[in-house]
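Novice: Letter 195 of the sequence shown, counting from 1, is numbered 772 in the numbering used here, and no numbers are missing.
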Amino acid sequence: MQEKFMLRSARALTLFALVLSLSACAGKKKGDPSTPGGDGGGEPNTQEQIKEAKVATLIDLANEDLQAGKHRKARERAEEALATDSSNADAYAVLGAADWRAGDFENSTKNYKEALEIDPKNFGAALGLARSHQTMGDHQKALELADSLLAIDAKQVDPMMYKFWSQYALTDMDAASKTADEMFKYIGKDNPLQPILVAQATYARALEGKGPLLQIEGTSGSSDAQIDPNGGFKHAGAVVGGEFTRAIFYEVREEARINKDFVAQLGLKPIGKVTPAGTADELDIVIIPEVKLGNLVLKNVPALAEDLSIYSAIGEVPGLVLGRQVMQKLGTITFDFPTGSSTFSPAAPAEKPSGAFEAPLLLIDMRLLLIPVTKTALGESEYSFYTWFGGSFLKASTAITRRAFLKSGNLPRELEELDD
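1. Within the continuous beta strand (DSSP E) that includes V894, where are the two ends?
2. Along the chain, which unbroken stretches of the beta strand (DSSP E) at least 3 residues long are found entirely within the region 787-873?
3. Kindly indicate the opening and closing residues of the alpha helix (DSSP H) around K647.
4. Distance, Cα to Cα, R652 vs G798?
5. Report yes if the CB atom of L873 is closer than 8 Å to the CB atom of F921, and no otherwise.
6. Which residue comes first and which comes last in the alpha helix (DSSP H) that contains K952?
7. With 16 other CB atoms within 10 Å as the buried threshold, where does G892 fall?
8. Whether or not the region 661-672 and the region 628-637 are in contact is what I'm after, with contact meaning three or more pairs of Cβ atoms, one per stretch, closer than 8 Å; do they touch?
9. Assuming A815 and K732 are in contact, meaning their beta carbons sit under 8 Å apart, how far apart are those beta carbons, in whole angstroms?
10. In chain order, what residues of the same chain lie with their CB nearer than 6 Å to the CB of D662, ignoring the 5 residues before and after it?
11. With a CB to CB cut of under 7 Å and the five nearest residues on each side skipped, what residues in its chain are close to A692?
12. If you compare alpha carbons, which of E828, N688, L875 and E959 is closest to L946?
13. For Y763, report the span of its beta strand (DSSP E) as first-last.
14. Starting from T779, trace the alpha helix (DSSP H) in both directions and tell me its first and last residue.
15. If you pair each beta-carbon of the region 856-867 with each one of the region 924-941, do three or more pairs fall below 8 Å?
16. Since I believe Q905 is in contact with G714 (beta carbons under 8 Å), could you give me their beta-carbon distance rounded to a whole number of angstroms?
17. So D942 is in the beta strand (DSSP E); what residue range does that whole segment cover?
18. For D913, name the three-state secondary structure that DSSP assigns.
19. In three-state terms, what does DSSP make of L907?
20. Which word fits Q777, buried or exposed, when buried means at least 16 other C-beta atoms lie within 10 angstroms of its C-beta?
21. What span of residues does the beta strand (DSSP E) with Y739 cover, start to end?
22. I need the DSSP call for T920, collapsed to helix, strand or coil.
23. Is the closest heavy atom of the ligand NAP to the C-beta of F821 under 7 Å?
24. Using the rule of at least 16 other Cβ atoms within 10 Å of the residue's Cβ for burial, across every protein chain shown, is Q624 buried or exposed?
25. How would you write the range of the beta strand (DSSP E) that Y963 sits in, first residue to last?
26. What first and last residue would you give for the alpha helix (DSSP H) that runs through E691?
27. What is the residue span of the alpha helix (DSSP H) that I729 lies within?
28. Where does K755 sit, in a helix, a strand or coil, going by DSSP?
29. Express the C-alpha separation of E721 and D730 in angstroms, rounding to a whole number.
30. Which of the three DSSP states is assigned to A927 in this structure?
31. Compare the beta carbon distance of S919 and D805 with 8 Å and say whether it is the shorter of the two.
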């Protein structure tokens, strides 16, 4: 059941994932003189105008390459544009988008910031950097960038979507509902992301006025820690409504889930219903009054009531699956598997534990799924790539890495025609 569930999610994901490539472009419209690097029309009659026309053409073509998925070709055109005009913000925005597609998160962020240093109002760079901050979990910065774009043009749909997604992740459902109302005035009905946005907006509206949500009481909590070796599910004991249950911590999901039989046992009343994107089942929306993790208490936890028997590979049907919205509220989550213990705190760690090393944890938002990755290198190699530790796709991802990295002797982005 677990594998079928994940495969259904993966198939549904492919219906939406391709459209995400469109938002990474430099945000220009070809031939629009009001946008950065746009073609103002007319014949160039000076060397400076010839140079500007060349750069504008390269940027337009690079954006077309990005939309076609040709990030390597887009990079080449952007670099050619910078060779002609080293302070072209649009070219840096294209590099940021191309690096993102190639999996080079650090250089992508660096190039977006470079573009905004040159042109603080550059649409593509601000939008791309907002996505980067969301990936890093810095939603406040993402909101600032989205608001800066909406201050220029309040009808831009892409900044509204990014603003909505950050508010949704932070469970600021009052603000998310208002943003959704505004967003749906302008979003086209043929937008492939609409089913996802409609489902998320339905969830947000059901929770509007029910806050504050996900409040934390206590400075620290502890429990046991277990991991399912097949699915990679990490779980701990929790107390809900006086009842002990297993709680899976699963950052792949956005919203928390509660087993529907557990809802009946606790006597929780639904406050709304929603059909999540990629599924056919309508689920009840409930608010769990409190979830205790040792001495740490989570108050007013919004959740979807669902049959959680698909997670029974852990040895029993869990009562809860806690997703990104809950985990985002916790500053420190530690699973010590050798000792079988877990600790939770609302504060970020003051220092890394003894014997540990630090690596950035990125959360790539695929809209239907969230993919946690961290930077990895093999042996003494100077090359690195991003790895998802755990989950049902672990064996597949390991096989891909072995084939693409170990056997080819090349980085994946260096392989001929990889992105076409």
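Yeah, the Cβ is synthetic: ideal placement off N, Cα and C, and Gly gets one too.
Fair warning: this is a prediction, and the values are worked out from it, not measured in the lab.
Specialist: Taking the definition as stated:
1. Within the sequence shown, numbered from 1, the residue matching residue 894 stands at position 317. Secondary structure note for V894: it is in no beta strand (DSSP E), with a DSSP letter that is neither H nor E.
2. Given a length threshold of 3 residues, each whole run of the beta strand (DSSP E) inside the region 787-873 is given here in chain order: 792-794, 798-801, 811-817, 820-826, 833-836, 849-851 and 860-870.
3. As a position in the sequence shown, residue 647 is number 70, starting the count at 1. It is not in any alpha helix (DSSP H) - K647 carries neither H nor E in the DSSP assignment.
4. Indexing the sequence shown from 1 puts residue 652 at position 75. Indexing the sequence shown from 1 puts residue 798 at position 221. Going from the Cα of R652 to the Cα of G798 covers about 48 Å.
5. Numbered from 1 along the sequence shown, position 296 holds the residue referred to as residue 873. Numbered from 1 along the sequence shown, position 344 holds the residue referred to as residue 921. The beta carbons of L873 and F921 sit closer together than 8 Å.
6. Numbered from 1 along the sequence shown, position 375 holds the residue referred to as residue 952. Element bounds for K952: not the alpha helix (DSSP H) but the beta strand (DSSP E), L947 to T953.
7. Start at 1 with the first residue of the sequence shown, and residue 892 comes out as number 315. Exposed, by the Cβ-count rule.
8. With a cut-off of 8 Å, the region 661-672 and the region 628-637 count as touching, because enough Cβ pairs lie within range.
9. The residue you call residue 815 lines up with position 238 of the sequence shown. The residue you call residue 732 lines up with position 155 of the sequence shown. With a Cβ gap of about 44 Å, A815 and K732 do not count as contacting.
10. Locating residue 662 in the sequence shown gives position 85, counting from the first residue. Excluding sequence neighbours, D662 sits near V632.
11. Translated into the one-based positions of the sequence shown, residue 692 becomes position 115. A666, Y669, A670, G673, N699 and A702, listed in sequence order.
12. Along the sequence shown, read from residue 1 onward, the residue named residue 946 stands at position 369. With distances taken between Cα atoms, L946 lies closest to E828.
13. Locating residue 763 in the sequence shown gives position 186, counting from the first residue. First-last for Y763: undefined, no H or E at that position.
14. On the sequence shown, position 202 is the one that residue 779 refers to. Boundaries of the alpha helix (DSSP H) around T779: Q771 to L784.
15. Short answer: they don't touch.
16. As a first step, residue 714 must be located in the sequence shown, where it is residue number 137. As a first step, residue 905 must be located in the sequence shown, where it is residue number 328. The Cβ separation is near 7 Å, so the contact holds.
17. Walking along the sequence shown from the start, residue 942 turns up at place 365. Per DSSP, D942 belongs to the beta strand (DSSP E) from L938 to D942.
18. Locating residue 913 in the sequence shown gives position 336, where the first residue counts as 1. DSSP places D913 in the strand class (E or B) of the three-state scheme.
19. Counted from its first residue, the sequence shown places residue 907 at position 330. Looking at L907 - three-state DSSP - the assignment turns out to be coil, as it is neither helix nor strand.
20. Looking up residue 777 in the sequence shown gives position 200. Taking all protein chains in view, the Cβ of Q777 is crowded by 16 or more other Cβ atoms within 10 Å, so the residue is classified as buried.
21. For the purposes of this step, residue 739 is taken as residue 162 along the sequence shown, with counting starting at 1. Y739 -> not in any beta strand (DSSP E); alpha helix (DSSP H) instead, spanning V734 to A746.
22. Counting from 1 along the sequence shown, the entry for residue 920 is found at position 343. The three-state secondary structure of T920, taken from DSSP, is strand.
23. By its list of ligands, the structure shown contains no ligand whatsoever, and the ligand NAP lies outside what it can speak to.
24. One-based indexing of the sequence shown puts residue 624 at position 47. Under this definition Q624 is an exposed residue.
25. For the purposes of this step, residue 963 is taken as the residue at position 386 of the sequence shown. F962 to T964 is the span of the beta strand (DSSP E), which, as asked, contains Y963.
26. Here residue 691 is taken as the residue at index 114 of the sequence shown, counted from 1. E691 -> alpha helix (DSSP H) spans F682 to I695.
27. Working through the sequence shown from its first residue, we reach residue 729 at position 152. Unbroken alpha helix (DSSP H) run through I729: H716 to I729.
28. Position 178 of the sequence shown, counted from the first residue, corresponds to residue 755. Helix, per DSSP.
29. Taking the sequence shown and counting its residues from 1, one reaches residue 730 at position 153. Taking the sequence shown and counting its residues from 1, one reaches residue 721 at position 144. D730 and E721: Cα-Cα distance of roughly 14 Å.
30. Start at 1 with the first residue of the sequence shown, and residue 927 comes out as number 350. In the displayed model, A927 falls within coil according to three-state DSSP, outside both helix and strand.
31. One-based indexing of the sequence shown puts residue 919 at position 342. One-based indexing of the sequence shown puts residue 805 at position 228. Taking 8 Å as the cut-off, the Cβ atoms of S919 and D805 do not count as close.
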